[in-house]
Amino acid sequence: MSEPFYRLAYFSRNMVVGPFEMQDAEVQRILAASRRNNTVAEVTGALLFNGRCFAQILEGPLDAVETTFERIQRDQRHSDITVLELTPVTLRSFATWSMAFAGKPEETRMSFNALNEASVERTGAAAQLFELLHGLVLREEGAA
Ligand SMILES: Cc1cc2nc3c(=O)[nH]c(=O)nc-3n(C[C@H](O)[C@H](O)[C@H](O)COP(=O)(O)O)c2cc1C
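Per numbering that gives the first Met the number 0, residue 0 is the first one in the sequence shown, and the count goes up by one each step.
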């Protein structure tokens, strides 16, 4: 029997200060490290950034997700990390992405506002974040 997959969803507050170009460069560094490490660790997922907050979904074997998340939690480029869910799943939803990215400012900001309003209830927020990221990733990155 194959190992079960887990999905972890969280959001956090951006601590990278400076003009848009500098923040963008830092996010590109995060994505490069994520893609390098996650490929080796068999972790897939998606990252959302809107200048104020990050939201991320990590999926893969539990060990790999936990090890990756422990490293992410120590990262000083964000703070106030709030876990929305850690749940077993039968299939990966971002199977072809070591770390997909949704960061087009306008769309992401609007979507995030909707998420904030819905985040009172955690389970609902996790489902909503998942739907939001999945939709944005398919739109922004295409089905490549
Ligand atoms: C919001 C955010 C998301 C991140 N996501 C990942 C990730 O999915 N995988 C990963 O390896 N590192 C991720 N990182 C970076 C890690 O915190 C850490 O800097 C990196 O794993 C170190 O990799 P290196 O030792 O190969 O340079 C993330 C950092 C931030 C701030």
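Even for Gly, the Cβ is constructed at its ideal location relative to N, Cα and C.
Item: To which residues does DSSP link Arg6 through a beta bridge?; Value: Glu58 and Thr86
Item: Between which two residues does the beta strand (DSSP E) containing Thr38 stretch?; Value: Counting along the chain, Thr38 falls outside any beta strand (DSSP E), though it belongs to the alpha helix (DSSP H) covering Phe19 to Ala40.
Item: Closest to Gln22 by C-alpha separation, out of Ala32, Arg76 and Val64, would be which residue?; Value: Arg76
Item: For Thr95, name the three-state secondary structure that DSSP assigns.; Value: coil
Item: Using the three-state DSSP reduction, which class does Gly102 fall into: helix, strand or coil?; Value: coil
Item: Is Arg70 helix, strand or coil by DSSP?; Value: helix
Item: Between the Cα of Leu61 and the Cα atoms of Arg51, Glu2, Met14 and Arg70, which residue gives the shortest distance?; Value: Glu2
Item: Pairs of beta-carbons, one from the segment 122-131 and one from the segment 79-96, closer than 8 Å: are there three or more?; Value: yes
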